[in-house]
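Working notes, structure below.
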Amino acid sequence: MNAIDLLAARANETSATGRFDLENTEPVPSPCISVCRMSPDRSHCEGCFRTLDEIRIWSRADATLRRGIWMGLLQRAGIALPAQDVNDMQNMQEAET
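Residues 52 to 148 (the working numbering) are what the sequence shown spells out, left to right.
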């Protein structure tokens, strides 16, 4: 299984357990799949697709920011989530602006 498949499986598991739901108070899990290597242009990790800044702030990020990081990395990886999760996360981002 390649990194995108592993990341997609992690995202689907996170979605299935309701961790992307805005009302869920459970911690939002890290997208790390233990494939820790930066892309040749150093724009993101080739495993979890987070940027260096996203990796640095993860441990201090609240659930809202973590969901936003997930949304960004899934877009970079070209991974789609169930429509309800995408709508919830987009509504969350709009409410912050």
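Note that CB positions come from ideal geometry on N, CA and C, so glycine has one too. Predicted model, so just to flag it, every value in this text is computed and none were measured.
Contact with chain D by P91, beta-carbon distance below 8 Å = The structure shown contains no chain D; it is built from a single protein chain.
By how many angstroms is the C-alpha of R70 removed from the C-alpha of M85?
-> In the sequence as presented, Met is not what sits at residue 85; that position holds Ser. C-alpha of S85 to C-alpha of R70: approximately 20 Å in a straight line.
R61 and P82 closer than 8 Å at C-beta | Going by C-beta atoms, R61 is nearer than 8 Å to P82.
Along the chain, which unbroken stretches of the alpha helix (DSSP H) at least 4 residues long are found entirely within the segment 65 to 118?
-> Complete alpha helix (DSSP H) runs here, min 4: 103 to 108.
Helix, strand or coil for M52, going by three-state DSSP, please let me know.
-> Reduced to three states, the DSSP call for M52 is coil.
Would you kindly work out how many angstroms separate the C-alpha atoms of C96 and E105, rounded to a whole number?
-> Taking the straight line from one Cα to the other gives about 10 Å.
Report back the beta-carbon spacing between L58 and A128 to the nearest angstrom; my notes put them in contact at under 8 Å.
-> Rounded, the Cβ-Cβ distance is 6 Å, consistent with contact.
Compute the Euclidean distance between the alpha carbons of L103 and R118, then round it to the nearest angstrom.
-> C-alpha separation (whole angstroms): 17 Å.
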